[in-house]
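Trainee: Sequence order for the protein chains is S and C.
Heads up: the first sequence begins at 1 in the working numbering, then just goes up one per residue.
Heads up: the second sequence begins at 1 in the working numbering, then just goes up one per residue.
Don't be surprised by glycine CBs; every beta carbon is placed ideally from N, CA and C.
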Amino acid sequence: MALRPRARGRATGQDDEGGMTRRQAGRLLLIVAAVAVYPVIDARFGFGFIGDLLGIFVFVILAMGLNIVVGYAGLLDLGYAAFFAIGAYTIGLLTSPFSVFVQKDYVPEWLQHFWPAMAVSWAVAALFGVLLGAPTLRLRGDYLAIVTLGFGEIVPNFFINADGITEGTKGLNLIAKPPTIPLPWGEDLTFGGADQRNWYWLMLVVGLFTLFLIRRLHGSRLGRSWQAIREDEIAAASMGINLVRTKLWAFGLGASFSGFAGSIYSAAFQYVHPDQFKFSVSITVLAMVILGGLGNIYGVIVGAVLIGGFDRILTKELTGPVQWIGRQIGSPWLSEHSVADDTFVVFGAALVLTMLLRPGGLIPNARRRAEMKPEDDDIRVAEDQTLFDVRRDGEPALGEQA
Amino acid sequence: MDFNVTLFVQYLIIGIASGGLIALIALGYTLVYGIVELINFAHGEVFMMGAFLAVTLVAATGVTDASPWTAIVAAALLGFVGATLFGAVLNWGVDRVAYRRLRNAPRLAPLIAAIGVSFILQGIGIYWKGSQSIAPPRLIANEYRTYNVLTEWFGLDTRIRLRPLDLAVLGLTIPLLIGLTWFVYRTRTGKAMRATAQDRDAAALMGIDINRSISIAFLLGGALAGAAGMIALYYNNSANFQMGFRYGLFAFTAAVLGGIGNLAGAVIGGLSIGIVWQLSDGFIKQYVSGWGAQWTPSMIFGVLVIVMIFKPSGLLGEHSVDKV
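#1: Taking 7 Å as the threshold (C-beta atoms), are G50/C and G171/C in contact?
#2: Does the beta-carbon distance from F217/S to S96/S come in below 7 Å?
#3: Go ahead and label E37/C buried or exposed: buried means 16 or more other beta carbons lie within 10 angstroms of its beta carbon, across all protein chains shown.
#4: So, with DSSP's three-state summary, where would you put A63/S?
#5: Of the residues that make up the segment 152-173 of chain S, which ones have a beta carbon closer than 7 Å to any beta carbon in chain C?
#6: According to the Cβ coordinates, are G326/S and S335/S closer than 7 Å?
#7: Note down, in chain order, every chain C residue with its Cβ under 7 Å from the Cβ of Y143/S.
#8: Classify Y247/C as helix, strand or coil using the three-state DSSP reduction.
#9: With a 10 Å radius around its C-beta and 16 neighbouring C-beta atoms as the bar for buried, classify N242/S as buried or exposed.
#10: For the segment 178-200 of chain C, enumerate the residues whose C-beta is nearer than 9 Å to any C-beta of chain B, in chain order.
#11: Would you check if there are 3 or more beta carbon pairs closer than 8 Å linking the segment 209-223 of chain S to the segment 126-139 of chain S?
#12: Buried or exposed, going by whether 16 or more other CB atoms sit within 10 Å of the CB of K311/C?
#13: Mind listing which residues of the segment 340-365 of chain S have their C-beta closer than 9 Å to chain C's C-betas, in chain order?
#14: With DSSP run on the structure shown, which of helix, strand or coil describes L315/C?
#15: Contact between the segment 256-271 of chain C and the segment 3-10 of chain C is defined here as three or more beta-carbon pairs at a separation below 8 Å; is this criterion met?
#16: Measure the alpha-carbon distance for G179/C versus R186/C and round it to whole angstroms.
#17: Note down, in chain order, each residue of its chain lying with its Cβ closer than 6 Å to the Cβ of N240/C, except the 5 sequence neighbours on either side.
#18: So which of A113/C, G62/C, R159/C, G82/C has the shortest CA-CA distance to A42/C?
#19: So which residues of chain S does P164/C contact, with C-beta pairs closer than 9 Å?
#20: For P156/S, which residues from the same chain have a beta carbon less than 6 Å from its beta carbon, with the 5 sequence-adjacent residues on both sides left out?
#21: Using a beta-carbon distance below 7 Å, is V289/S in contact with chain C?
#22: Among the residues of its own chain, which have a CB less than 8 Å from the CB of D322/C, if the five just before and after it don't count?
#23: For L172/S, which of helix, strand or coil comes out of DSSP?
#24: Let me know if R107/C comes out buried or exposed under the rule of 16 or more other beta-carbons within 10 Å of its beta-carbon.
#25: Would you please verify whether the beta carbon of R4/S is less than 7 Å from any beta carbon of chain C?
#26: Which residues in the same chain have their Cβ closer than 8 Å to the Cβ of S320/C, if we skip the five residues on either side of it in sequence?
#27: Going by DSSP, what residues sit across from I306/C in a beta bridge?
#28: For chain S, is any of its Cβ atoms less than 7 Å away from the one on G222/C?
#29: Taking 8 Å as the cut-off, does the segment 41-52 of chain S touch the segment 192-205 of chain S (at least 3 CB pairs, one atom from each stretch)?
#30: Sort L139/C, R212/C, T173/C, G19/C by Cα distance to L78/C and report the nearest one.
#31: Residues in the same chain with beta-carbon distance under 7 Å from S258/S, minus the five sequence neighbours each way, listed in chain order, please.
#32: Compare the C-beta of R246/C against all C-beta atoms of chain S and say whether one is closer than 7 Å.
#33: What does the alpha-carbon distance come out to for the pair P321/S and Q328/S?
#34: Suppose the cutoff is 8 Å on Cβ atoms and the five residues either side in sequence are ignored; what does the same chain contact list for L127/S look like?
#35: Quick one: grab the DSSP three-state call for I241/S.
#36: For F124/S, report the span of its alpha helix (DSSP H) as first-last.
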């Protein structure tokens with residue numbers, strides 16, 4: 001077997017490894033400030049994008065969570081929406097007055113509120129992440145992907161069919177909202193249906209908190225173990241990393257952020273329905289992570305904003321202009337075309353083109369880039385074997401000289 | 001409720017018919033996986049595109065169930081051959097455009113590209129035929145949809161219904177399966193393919209054109225998927241842009257169940273999955289009350305997960321061990 005190559009790319013300033021320079025911190029602060037001020041501008045000019053931006057925030061949190069599993073630990077998860085569903089249904093079942101558990105008084109009163117229920121959703125999703133992750137640990141890359149896809153299909157299918165518990169296709173609504181926060185200058189921060197701006201700020205805080213947590217995780221002993229097993233499981237194991245525990249942490253923590261996102265999403269939109277968690281959601285989030293840059297949290301955020309922005313805003317805003325152009329050039333197809341129909345092609349193209357042209361994503365993680373684009377064939381063969389290969393007894397690897 | 005034998009046999013037969021269809025698609029997964037070790041996620045969409053092309057072709061002929069039977073047969077044949085060729089060319093084209101350049105990339109790269117292609121093809125499906133289900137032009141009079149072969153032809157007094165369509169599905173599927181097996185095990189090209197699957201480098205050293213072998217695997221798989229598309233179109237009397245996803249995953253499960261890379265395994269897996277599917281959709285449903293009735297995806301994916309975890313080599317697959 002060829003010697004393991006070292007990734008040659010040096011961690012650049014854009015990478016999310018290690019600390020930040022003062023300039024980077026300043027830039028981050030500036031962006032956060034701009035995002036935080038946006039609702040004021042939106043209200044002033046009447047853009048009305050706040051509701052759509054809430055959806056994008058949720059996508060950002062989801063993408064950051066999936067990045068733990070796929071980007072850091074290198075485990076391709078095609079059923080990430082399952083944990084989103086589990087988080088959303090946990091808060092729904094704990095707090096909605098239509099939930100069987102609430103009606104039968106199984107849920108203690110103190111738990112029927114937003115904050116405690118959100119914490120429980122977080123924990124329940126993490127638990128399911130570990131439970132569903134455990135059986136897949138022995139599988140290699142592509143088989144793992146398929147098993148997670150299977151789980152991702154089973155979970156929403158369960159929520160549709162278990163209508164005695166989940167109200168099936170009717171869904172759950174009236175989910176608990178955060179309590180009103182009194183502000184020092186006498187105003188109240190309420191979370192009613194009309195106060196989307198407060199939800200926006202809440203999600204910004206939650207998103208920054210998630211970013212902070214994941215950044216810290218990435219540099220921690222656990223985060224470094226994830227990267228080690230991603231790059232070479234066997235070498236990592238022989239250096240004393242416990243593969244089972246490290247992978248389960250990745251599944252659990254990755255799922256927990258999805259559950260987190262699910263609980264906030266369902267509370268903000270006051271509705272949980274099995275159709276919100278279809279396979280296409282898992283793939284949309286995967287496209288964000290891949291397009292932005294596997295393993296680079298800032299790249300992933302950019303990917304989530306781009307793809308989420310297309311999904312939530314451009315599909316609506318572009319339809320008018322596209323139809324106008326269609327009428328001008330006299331194309332009946334274009335003049336009735338809805339940009340929402342383009343989502344499949346756009347997300348699919350994002351995946352294919354990223355893989356073909358820029359496998360590291362828009363803002364690649366330096367180490368990951370070296371991995372996805374090996375410098376020569378020897379490295380490629382070694383990568384292939386050690387990362388994903390399982391073969392029949394005594395058979396030489398593809399590309400390996402027997 | 002008592003166990004209803006008639007109903008059970010009824011769904012068993014339907015299961016075998018739809019299992020034959022799944023087997024056709026599963027063979028495409030297995031052929032491609034056997035040779036390039038890629039889960040061709042877009043395979044189900046090739047099947048869907050085959051069905052769409054068949055609708056277009058048959059509709060273009062303007063033939064209906066009132067036309068003379070020669071015209072009906074010609075139109076059906078046109079749809080069948082057209083869908084088969086289209087599936088073959090499409091699958092080959094996908095390989096050329098998206099996968100070939102990733103042949104030497106880490107294994108997850110072509111898998112992710114395949115997911116992307118699958119999405120793109122679904123999007124093209126929406127552009128082509130819209131997002132609603134469409135029905136094919138009617139070639140067989142309505143009465144044949146409920147016609148019972150066992151009673152009408154064999155004079156059996158039974159409530160087990162075997163429709164001409166069920167027979168037709170098997171009648172088309174079995175020759176295709178035999179033809180493929182013959183091709184892979186009896187022809188020179190088939191031998192080259194098997195050699196490529198076994199060891200790509202050694203095969204290349206023996207003078208086998210690797211890229212040609214891989215292209216033929218994609219062509220054959222695509223042809224079977226296209227043919228299956230035409231059959232499914234008339235069997236279900238409908239088609240939509242998402243049919244490839246459902247059938248594709250069921251077929252992939254079948255391929256894994258039988259042992260991925262193994263042709264006979266794909267057929268056995270296909271039949272088993274078809275039976276599980278139809279029994280779950282029609283038969284078991286009768287005995288479950290108080291819960292929703294669409295457990296089929298859970299059942300099939302449950303099979304997938306269990307096989308993957310406990311016997312990843314499948315029923316007929318060769319023994320594989322983790323490399324140390």
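Mentor: The answer reads as follows:
#1: no
#2: The sequence shown places Leu at residue 217/S, not Phe. No, these two residues do not count as a Cβ contact at 7 Å.
#3: buried
#4: helix
#5: E153, I154, N157, F158, I160, N161, A162, D163, G164, G168
#6: yes
#7: M308, P312
#8: helix
#9: exposed
#10: Looking for chain B here will not work: the only protein chains present are S and C.
#11: no
#12: exposed
#13: D341, D342, T343, F344, V345, V346, F347, G348, A349, A350, L351, V352, L353, T354, M355, L356, P359
#14: coil
#15: no
#16: 10 Å
#17: S133
#18: A113/C
#19: Result: empty, since nearest Cβ-Cβ is about 33 Å, beyond 9 Å.
#20: A85, P274, F277
#21: no
#22: Below a pLDDT of 50, predicted positions are generally treated as unreliable, and D322/C, at 40, falls in that range; no measurement from the model is reported.
#23: strand
#24: buried
#25: The predicted position of R4/S is uncertain, since its pLDDT is 43 and thus under 50; a value taken from the coordinates is nonetheless stated next. No, R4/S does not count as interfacial toward chain C.
#26: At S320/C the pLDDT is 48, less than 50, meaning the model places this residue with poor confidence and gives no usable figure here.
#27: Answer is none; I306/C lacks a bridge partner.
#28: no
#29: yes
#30: L139/C
#31: L62, G65, Y80, F83, F84, G87, A125
#32: no
#33: 10 Å
#34: G252
#35: coil
#36: This sequence places Val at residue 124/S; Phe is not what is there. It spans 114-133 - the alpha helix (DSSP H) in which V124/S sits, taken as one unbroken run.
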